[in-house]
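A short write-up of the structure that comes next.
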């Protein structure tokens, strides 16, 4: 079949694989995915290093979802709501796939509000794409990610969370449903190691749980070693911390804004680089205190040297497991491996405090 998509600037005709009915086998579009097991296999897929650096929290009750926290949405098959091709196009299909197999397509998802209290959109933060319906038919429609102004024929869905059954581990699951002009349509996905996401008024709703991104304490050293393989550093961790909550760049920038550091200037001897990093770290802890996460944020202080200089900034682990640093004097973010001074000399860390 052929679907005509209308964008604000152009019309694009898309050929859709023939086997795309939600009650039938899916098409072959994901068959060539780099990390995909063959259809029907239960392979856990490749792992990152000694295992996934980023793990998923225990399910979060839907009434605790807030608009300032990124989440992963998981279904009863253990698959998570993904963005096809890592969001590389002008829009992408939504699908559910095994986390360890399709982790390159896993992105932090943010609700516009609490979906128990009121219908809320779900947005892929990396591209600021909300989840759309592929039309307004009241039987079923595919779900896809695109800019919010993609076109009135493809509405952004505001979804409500309702309690469903308990899963095998005793956790509450939920359905997400959209009011399509008076017809209730639930988010669905059929079985398999992966399958397309769609909304339907007649098919069984997916039983969903909501999770946060966690970094295992035991994986931190390997993360930092990978970013700075030639460095010799002293890593200090709170002995009581088993995990840290991974953060998004938008969370990191929010902390920078909350800290007020943009209004401060470097002062020799009494407010220099280490003081900036202390204030930023303290603000990160205050931001965590405001929302009460299970674990503290994966944000720390890092000291490093070049042949001619020394510096202190803040280090954090994002939701992809990447080590990044933020310069608390100006809010600039770079990957840890690219942390350099003004001359282009790379810093080598010697002390990290989480």
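Residue numbers (full-length UniProt numbering): 1 to 354.
Every residue gets a Cβ at the ideal spot worked out from N, C-alpha and C, and that includes glycine.
Sorted by chain position, which residues of the same chain lie with C-beta nearer than 7 angstroms to residue i's C-beta, five sequence neighbours on each side aside?
i	result
residue 81	73, 94, 96, 109, 197
residue 163	172, 174
residue 75	96, 189, 206, 207, 208
residue 142	93, 134, 196, 198
residue 283	255, 258, 259
residue 250	125
residue 384	Outside the displayed span of the chain (1 to 354) sits residue 384, for which this structure offers no information.
Among the candidates the options, whose CA atom is the shortest distance from the CA of residue i?
i	options	result
residue 79	341, 199, 189, 89	189
residue 133	148, 126, 127	148
residue 311	275, 161, 124, 204	275
residue 301	59, 114, 64, 233	233
residue 182	168, 170, 175, 201	201
residue 328	107, 179, 273, 69	273
residue 225	105, 106, 336, 87	336
residue 204	299, 345, 140	140
residue 346	227, 237, 88	227
residue 206	195, 220, 186, 68	186
residue 91	288, 128, 299, 279	128
residue 354	103, 158, 249, 240	240
residue 146	136, 137, 165, 126	126
residue 297	212, 63, 66, 89	212
residue 278	303, 144, 247, 184	303
residue 326	306, 281, 55	281
residue 57	319, 264, 286	319
residue 351	130, 340, 231, 261	231
residue 179	115, 165, 269	115
residue 130	154, 285, 248	154
residue 62	98, 99, 118, 103	118
Among residues of its own chain, excluding the 5 on either side of residue i, which ones have a beta-carbon nearer than 6 angstroms to its beta-carbon?
i	result
residue 242	217
residue 31	Legend: pLDDT at residue 31 = 39, less than 50; position of this residue unreliable, value from coordinates given subsequently. Answer for residue 31: no residue qualifies.
residue 105	82, 83, 86
residue 295	243, 244, 245
residue 238	none
residue 293	245
residue 59	171, 209
residue 167	173
residue 341	306, 309
residue 338	none
Mind checking which residues open and close the beta strand (DSSP E) that includes residue i?
i	result
residue 174	172-180
residue 361	Outside the shown range of the chain (1 to 354) lies residue 361, about which nothing can therefore be said.
residue 324	323-327
residue 355	What the structure shows of the chain is the stretch from 1 to 354, and residue 355 is not part of that stretch, so it cannot be assessed.
residue 109	109-111
residue 311	310-317
residue 98	92-98
residue 82	79-83
residue 186	183-188
residue 209	209-211
residue 129	129-133
Using 7 angstroms as the cut-off, classify the Cβ of residue i as near or not near the heavy atoms of the ligand SAH, replying yes or no.
i	result
residue 85	This structure simply doesn't include the ligand SAH, nor any ligand for that matter.
Would you give the residue range spanned by the alpha helix (DSSP H) that residue i belongs to?
i	result
residue 360	This structure leaves residue 360 out entirely; the chain is present only between 1 and 354.
residue 198	No alpha helix (DSSP H) contains residue 198, which is instead part of the beta strand (DSSP E) from 198-200.
residue 226	220-227
Quick one: residues in its chain with C-beta nearer than 8 angstroms to the C-beta of residue i, no 5 flanking neighbours on either side, listed in chain order?
i	result
residue 223	53, 215, 317, 321, 323
residue 191	77
residue 42	Low confidence applies to residue 42: its pLDDT is 39, below 50, so where it sits in the model is not reliable enough to give any reading.
Does the Cβ of residue i have 16 or more other Cβ atoms within 10 Å, making it buried, or fewer, making it exposed?
i	result
residue 107	buried
residue 160	buried
residue 343	exposed
residue 193	buried
residue 69	buried
residue 349	buried
residue 289	exposed
residue 266	exposed
residue 308	exposed
residue 271	exposed
residue 229	exposed
residue 236	exposed
residue 124	buried
residue 101	buried
residue 157	buried
residue 332	exposed
residue 152	exposed
residue 176	buried
residue 299	buried
residue 314	buried
residue 268	exposed
residue 286	exposed
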